[in-house]
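Protein chains: 2
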Amino acid sequence: MTGALRLLRIAALLVAAWLPSAGAGAAPDPLPSWVAGASKSAIVQFVTTVTDAGSDGFVPPAERIATFDNDGTLWSEQPLYFQGYFALQQIRDMAPDHPEWKEREPYRSVLANDLPALLAHGKAGLMEVLLTAHSGMTADEFVASVARWREKARHPGTGKPFTQMVYQPMLELLDYLRDNDFKVYIVSGGGVDFMRVFAEEVYGVPPEQVVGSTLDATLEMRDGIPTIVKAPKLVLIDDKAGKPVGIYRHIGRRPILAGGNSDGDLQMLEYTTVQRSGADTTPRLGLIVHHTDAEREYAYDRDSHMGRLDKALDVAPERGWLVVDMKRDWKRVYPGEQ
Amino acid sequence: MTGALRLLRIAALLVAAWLPSAGAGAAPDPLPSWVAGASKSAIVQFVTTVTDAGSDGFVPPAERIATFDNDGTLWSEQPLYFQGYFALQQIRDMAPDHPEWKEREPYRSVLANDLPALLAHGKAGLMEVLLTAHSGMTADEFVASVARWREKARHPGTGKPFTQMVYQPMLELLDYLRDNDFKVYIVSGGGVDFMRVFAEEVYGVPPEQVVGSTLDATLEMRDGIPTIVKAPKLVLIDDKAGKPVGIYRHIGRRPILAGGNSDGDLQMLEYTTVQRSGADTTPRLGLIVHHTDAEREYAYDRDSHMGRLDKALDVAPERGWLVVDMKRDWKRVYPGEQ
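These protein sequence lines are chains X and G, in that order. The letter at position 114 of the first sequence is residue 114 when you use the UniProt record's numbering, and the numbering goes up by one with no holes. The letter at position 223 of the second sequence is residue 223 when you use the UniProt record's numbering, and the numbering goes up by one with no holes.
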């Protein structure tokens, strides 16, 4: 040991010996918006186990991968997936360059703000609107349009900016996991390029840790600058069985924790938690956010068009998943609430 | 400032004041296998600039993304891309389950070890062999087959295991970048699932930081276990214009450093280094490994079938890219050499 290292070690020991008295024994609660109870305990127990080097359930930091759905798991998704509002705004913003849309469906319905008429065009109509809203522009132009929308748009129910309708208890959970050397990913049906615009600022999740539905892109030389242009062709639908595929493509490791809120997350939860053999004793946590709070947020599950939670709710008990009851388990829903 | 923090700070100051005398002024050389000269200086100068908080060229750690090609940049690629040897072995291993291959091209040529005959089947024949060797099995089975190959296979020229034919100076460069808070990615034409099997152990690059050519996958429930199965359909050819597309899909940020060795890296180098506007003053480094050392490795560029370096070599001077001359700039090529 060199002299400098020895001195550092002595300093560290000094500080360590002194620290316990500093906090007077009370570590700050990492999850202050979670009601003390079974859900909070299960989370803390899981994190404590996988980070305890003396425990049989210890997981090395590199393997501490956690994946979270976004819509309905980290932010609200009613009465319409928030990216849907962006897409409608985007079509309105693009309309001046497309005078033919006034006469052409499904665009005419969008421009007339006639949501029932739009929905009457079914999945194909919605997909056309989504592809049009998300392609044809450069990557930089797309980022700018999402940033503009984020700045100006307000939720029709709460009047809040959409990125303020994130769940405070989940923000605390993401921080708690990162403080315990988890690498936290978003794995969502939403568009990867859409979420990346705000995921770092809002969730602390950097762009490279966002996995989502993905459109193809091309590289074009424009005015001498290599430019990424978004193409109207899906290369990943990051929902249902697409979620484990997205995790495999992007992360290449199996998570030890997955959080979701709908049947779109069922396969990700199974992929994360189902034991592969008797020798596989790694602790694994599946978490479902159950929307039970009509007063502070929304109450929905089996019959909802957005975020339907039916089959995953049925299998949760046998799979041992933690079903978080928003009304019971959360002291507050959105940031800033008392 | 709490008492504990104050004590920590005092300890840190003590150590800092004392440290300069500890090493007698000589910090260990982070790049000992690089000859002192223009290439080494350019690398150190770049890293010093982007990490100096007082410099105009300072780049925050989160933006310090470096991307490296693999074949010919981090390990050798002659006389055949190493993954090609794996694919041939894989076909031989699969042959007992495919008696029809004895009579069917291009498999017959592979099983007869007749490389010229295989090459005569052109790109389509090679692609069929590659797709067959890399799909149809589960992700876990594929990992096991690569691991077996890695263990047993030897390079026909050197007799070394292939993963020992990595470039010691590049290993030092990856470490040096990580020590300076760079996030180091592999972005290679090679298969992502192939490279991920050994990238962490050999290069210190975790699976989630490997981007490569990608086959589609499906999720199947097998014996009650959600299982990823590799499908024979390319979703990304991570070469040429596909490299910036792969970076965009996977990382979502533009690198500030890219390293390659062939025209397959041209677009990645341009995407990384071309200034987008006068306001864009971030320092950017493009690096080309030029194979000039027929004695210690191989000498090839414009006429090579593997890793052809032609156009990128032409534009390197005007783009300001650093062309590393293996013979001149590297004290040793492979680990363990004097």
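Think of the CB as a built atom: it goes at the ideal place given N, C-alpha and C, for glycine as much as any other residue.
| Asked | Found |
| --- | --- |
| Same chain, Cβ closer than 8 Å to residue 42 of chain X, neighbours up to 5 away in sequence not counted | 285 and 322 |
| Distance between residue 139 of chain X and residue 231 of chain X (C-alpha atoms, nearest Å) | 10 Å |
| Neighbour list for residue 250 of chain G in chain X, Cβ cutoff strictly below 8 Å | 208 and 250 |
| Ranges of the alpha helix (DSSP H) found wholly within the segment 239-326 of chain G, counting only runs of at least 4 | 242-250, 266-273 and 311-319 |
| Within-7 Å CB hit, residue 245 of chain X to chain G | yes |
| Under 7 Å by beta carbon: chain X residues contacting residue 235 of chain G | 235 |
| Whole-angstrom C-beta distance between residue 133 of chain X and residue 248 of chain G, which should lie under 8 Å | With 8 Å as the limit, residue 248 of chain G and residue 133 of chain X do not qualify as a contact, their Cβ atoms being about 18 Å apart. |
| Test item: CB-CB of residue 212 of chain G and residue 242 of chain G under 7 Å | no |
| Coarse secondary structure for residue 188 of chain X, derived from DSSP in three states | strand |
| Alpha carbon of residue 252 of chain X to alpha carbon of residue 166 of chain X, nearest angstrom | 28 Å |
| Proximity winner among X/148, X/281, X/236 and X/299, relative to residue 261 of chain X (alpha-carbon distances) | X/299 |
| Local conformation of residue 61 of chain X per DSSP, three classes | helix |
| Three-state secondary structure assigned by DSSP to residue 183 of chain G | strand |
| Bridge partners - residue 230 of chain X, DSSP secondary structure assignment | X/217 |
| Three CB pairs or more closer than 8 Å across the segment 63-82 of chain X and the segment 157-176 of chain X | yes |
| is_contact[residue 253 of chain G, chain X] using C-beta, thresh 7 Å | yes |
| Minimum C-alpha distance to residue 82 of chain G - residue among G/120, G/118, G/30 and G/150 | G/150 |
| Contact set for residue 118 of chain G: own chain, Cβ-Cβ below 8 Å, skip 5 residues either direction | 106, 109, 110, 125, 126 and 129 |
| Residue-chain proximity (residue 267 of chain X, chain G), Cβ-Cβ < 7 Å | yes |
| Cβ of residue 324 of chain X within 7 Å of any chain G Cβ | no |
| Residue 330 of chain G (DSSP reduced to helix, strand or coil) | strand |
| Within chain G, the residues that residue 202 of chain X reaches when beta carbons sit closer than 8 Å | Those do not exist, as residue 202 of chain X stays about 15 Å from chain G at its closest Cβ, beyond 8 Å. |
| Per-residue contacts from residue 241 of chain X into chain G (C-beta, under 8 Å) | 218 and 219 |
| Sufficient close CB pairs (3 or more, under 8 Å) joining the segment 275-292 of chain G to the segment 171-189 of chain X | no |
| Alpha helix (DSSP H) segment containing residue 38 of chain G, residue limits | 38-51 |
| Cβ contact (3+ pairs, closer than 8 Å) linking the segment 262-279 of chain X and the segment 54-73 of chain X | yes |
| Beta-carbon separation (whole angstroms), residue 39 of chain G vs residue 332 of chain G, contact threshold 8 Å | Not really, about 15 Å apart at Cβ, beyond 8 Å. |
| Segment limits, alpha helix (DSSP H) that includes residue 134 of chain X | 122-134 |
| CB contact check: residue 60 of chain G to chain X, cutoff 7 Å | no |
| CA-to-CA distance, residue 336 of chain X to residue 162 of chain G, given in whole angstroms | 56 Å |
| Residue burial classification, residue 100 of chain G (beta-carbon count within 10 angstroms, cutoff 16) | exposed |
| Residue 154 of chain X versus residue 141 of chain X - alpha carbon distance | 21 Å |
| Reduced DSSP category for residue 158 of chain X - H, G, I as helix; E, B as strand; rest coil | coil |
| Residue 157 of chain G versus G/297, G/65 and G/114, residue with shortest Cα-Cα distance | G/297 |
| Cβ pair residue 57 of chain G, residue 50 of chain G closer than 7 Å | yes |
| Classification of residue 159 of chain X by the beta-carbon crowding that lies within 10 angstroms, buried from 16 upward | exposed |
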